[in-house]
Amino acid sequence: MNEVGATAPFEFEQLEATVHIGGTASDRAAIILAEARAEADALRAEARRAGYEAGLAEGRTAADQELVPARSALEQAARLLAAQLEERAELLERQAAELAVRLAERVVATALEVRPELVLDTVRGALRGVLERDRLVLEVNPEDLALVQSGVAEIAAQLGGIRSLEVVAEARVSRGGCVVRTVAGEIDATITGQLARARDVILAALSSEEG
Numbered sequence: 191m192n193e194v195g196a197t198a199p200f201e202f203e204q205l206e207a208t209v210h211i212g213g214t215a216s217d218r219a220a221i222i223l224a225e226a227r228a229e230a231d232a233l234r235a236e237a238r239r240a241g242y243e244a245g246l247a248e249g250r251t252a253a254d255q256e257l258v259p260a261r262s263a264l265e266q267a268a269r270l271l272a273a274q275l276e277e278r279a280e281l282l283e284r285q286a287a288e289l290a291v292r293l294a295e296r297v298v299a300t301a302l303e304v305r306p307e308l309v310l311d312t313v314r315g316a317l318r319g320v321l322e323r324d325r326l327v328l329e330v331n332p333e334d335l336a337l338v339q340s341g342v343a344e345i346a347a348q349l350g351g352i353r354s355l356e357v358v359a360e361a362r363v364s365r366g367g368c369v370v371r372t373v374a375g376e377i378d379a380t381i382t383g384q385l386a387r388a389r390d391v392i393l394a395a396l397s398s399e400e401g
């Protein structure tokens, strides 16, 4: 392929061979003219192609320079969008945890309506966690009072070490839960408290997965 700006060398032998092929002078002239035009067209095409590529490269460079601010703005917008999506994801996770807690509350409430004796399992679990068992006060919902009073003695006997245990009604304790008060403090075994702790565990697990 010829370089731009150069011309092919004139070759007399090629012209002479063409002239001796035969035909009229006008025919030979037409052939020579056609070959010259073809060569010229090839040169022009090469020049146009090279010029196009040079112009395209220059245009790309200029376009790249012009796109720097746009690219920077796009990257900034992408980072902002990513941050917003992250915040949105965290919000959705918190909302999902809250929704799970509310659904669990409904499930527990329904279960307690069907099987109110489940409160005794809560009481048993709470008393099992007490270290200082000399004198205990067990607070339960008024609706659970009679049921707990009738079954707490058996639970205390099974656990052992409980010298004094008083069961009292407390409206602030939701049905199905209890609060155990000791000389050292209290154990919150209310349904609300347990579900709140479950929510915290869920959120902590989600945070650790993100980290």
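The sequence shown begins at 191 in this note's numbering and counts up by one.
The C-beta atom is built at its ideal place from N, Cα and C for all residues, glycine as well.
Computed from a predicted model, the values in this text were never measured in an experiment.
Residues of its chain near residue i, where Cβ-Cβ distance is below 7 Å and the 5 sequence neighbours each way are ignored
i: Arg318; result: Leu349
Exposure label - residue i; buried when at least 16 CB within 10 Å
i: Leu264; result: exposed
i: Val391; result: exposed
i: Ala279; result: exposed
i: Val357; result: buried
i: Val320; result: buried
i: Val363; result: buried
Whole-number beta carbon distance between residue j and residue i, since they are thought to touch under 8 Å
i: Val338; j: Val313; result: 6 Å
i: Glu303; j: Leu385; result: Not a contact, Cβ separation roughly 17 Å.
i: Leu335; j: Ala359; result: 5 Å
Beta-carbon proximity check, residue i vs residue j, cutoff 8 Å
i: Ala316; j: Leu308; result: no
i: Thr380; j: Val369; result: yes
i: Glu333; j: Arg371; result: no
i: Ala287; j: Arg387; result: no
Close beta carbons around residue i, own chain, < 8 Å, minus the five adjacent residues each side
i: Leu346; result: One point to set straight first is that residue 346 is Ala, not Leu, in the sequence displayed. Excluding positions up to five away in sequence, the list reads Leu317, Ile352 and Leu355.
i: Leu393; result: Glu283, Arg284 and Ala287
i: Glu277; result: none
i: Ser398; result: none
Sequence-distant residues of its chain with Cβ nearer than 6 Å to residue i (five each side left out)
i: Ala290; result: none
i: Leu310; result: Gly341
i: Ala268; result: none
i: Asp324; result: Arg353
Closer than 8 Å to chain D by CB, residue i
i: Gln384; result: Any reference to chain D falls outside this structure, which holds one protein chain only.
query: Do the region 326–339 and the region 362–377 touch if we need at least three Cβ pairs shorter than 8 Å?
result: yes
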